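Okay, structure first, notes after.
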Amino acid sequence: MNATLFAVALSLVSAAAYAAAAVAQSRLAGRTDPATGVLRLLGRGAWWSAVGLNAAGALLHVAALTYGPLTLVQPLGALTLVVAVPLGARAAGRRVGRVEWRGTALTLLGLGALLLTAGGSAPHETLSLPEALGVGAITMAVVAGLGRPGARPGLRHAAASGITSGVASALTQTLTVAVTDHSGGPLFSWRLLTVALLVSAFAMGGLLLSQTAYRGGLGAPLAVVTLANPVAAAAIGLALLGERLQGGPVSLALALLGAAAAVRGVILLSRAQARNTERGGAAEEPVAVPVPTRVVIGSPRLAVAPEPMAVRAGGAPHP
């Protein structure tokens, strides 16, 4: 199996782990008062279950980043939504709806087009210390702006969660490439220590931001998290890490069409998940409803909605 196929396989398993993580995290968000502090969350088993599953997804995502470029690995985070469709239908005792089938088909077609155009070589470039610090400063400024009080807090927190998780993935790739590099450079340096601290901060920040992003509803925030993550990571890969799309203008047009199809598919799946969650919340008994998202390093999850929602993903990456 070549590096590209191995990266895709690892991304698939990572998406499944992130989807499972969302079960515990969404149940916790649905049963937690919005005013509950972080310290009280840390004392709950459901929180640590979500953290453990997210950690498994993150490790798989990190491994995928070792073998594939950001422009290939990060968009595959949208597969978490696709995995959640049959799982959610089974949990809710229903069939997959027409809108969900359309969303699944568009997402898969879009991701397929992106896979054809993404650079297939294993990553070899890393961020320098000034580049890493610059990326970190810009990310913190963007997140601070999105976190200011104002309208649509769910969408803004979702965007901040997706961006921080995507940046964490990009920084993680620098760590993995540097550690596995056999050029004889030092394994420990100020650059790698700084990058590791930034990864930890952004990964946890993405997790906590995602915990608050869904308290006012799921549909649009879920789509924002799922889409912001690969956009942020791919931007760093294309701008700073020398990643390129394969082919010329034809491949670029195919990539744009694939991205548009994937975006449309993610939006359809997100809306379907929101409607299913609302139906579950209106039922007399708790109903299991899948709500995929990426939390740690990657992206976008399953949810159990016991009451009218104050739901929690995601990202990442997939780190």
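Per my numbering, the very first residue in the sequence shown carries number 29; after that it's consecutive. All C-beta atoms, glycine included, are put in the ideal place defined by N, C-alpha and C. In this text, all values refer to a predicted model and were calculated from it rather than measured experimentally.
If you draw a straight line from the Cα of I166 to the Cα of R122, it comes to about 45 Å.
Here G233 is not near G138, since their CB atoms are 8 Å or more apart. Inclusion of L255 and Q301 in the CB contact set at 8 Å is not warranted, their separation being larger than that value.
Contact check for Q201 and L88: beta-carbon distance about 14 Å, past the 8 Å limit, so the pair fails to qualify. Sorting G125, A146 and R130 by C-alpha distance to the C-alpha of V101 places A146 at the top. V111 is the residue among V111, P158 and R243 whose C-alpha sits nearest the C-alpha of A133. The straight-line gap separating the alpha-carbon atoms of L203 and G140 is approximately 28 Å. Contact between the region 222 to 241 and the region 180 to 188 is present, with at least three C-beta pairs closer than 8 Å.
Here DSSP, grouped into helix, strand and coil, assigns S42 to helix. G164 is positioned such that its CB atom lies no closer than 8 Å to that of P258. Per DSSP, reduced to three states, the secondary structure at A86 is helical. Taking 8 Å as the cut-off, the beta carbon of T99 is found no closer than this to the beta carbon of A43. Under the three-state reduction of DSSP output, H152 falls in the coil class, being neither helix nor strand. Counting along the chain, the unbroken alpha helix (DSSP H) around E159 starts and ends at L157 to L174.
The DSSP-derived three-state label of F230 is helix. In the displayed model, R180 falls within coil according to three-state DSSP, outside both helix and strand. The DSSP-derived three-state label of V124 is coil. Following the DSSP letters along the chain, one finds L98 inside the alpha helix (DSSP H) bounded by residues L98 to V101. About 3 Å separates the Cβ atoms of A35 and G96, confirming a contact at the 8 Å cut-off.
Shown here, A206 sits in a helix according to DSSP, grouped into three states. A direct Cα-to-Cα measurement between A229 and L269 gives close to 21 Å.
Nearest to A262 by C-alpha distance, out of A47, L142, V41 and A78, is L142. Between L157 and T208, the C-beta gap is not smaller than 8 Å, which leaves the two residues out of contact. From the listed residues T192, V253, A206 and A179, the smallest Cα separation to V227 is found for T192. S39 counts as buried, since at least 16 other C-beta atoms from the protein chains shown sit within 10 angstroms of its C-beta.
Taking all protein chains shown into account, W76 has fewer than 16 neighbouring C-beta atoms within 10 Å of its C-beta and is therefore exposed. L155 and A83 have their C-alpha atoms spaced approximately 24 Å apart. Taken atom to atom, the span from the alpha-carbon of V278 to that of A289 is near 17 Å. Taking 8 Å as the cut-off, the Cβ atoms of V253 and G190 count as close.
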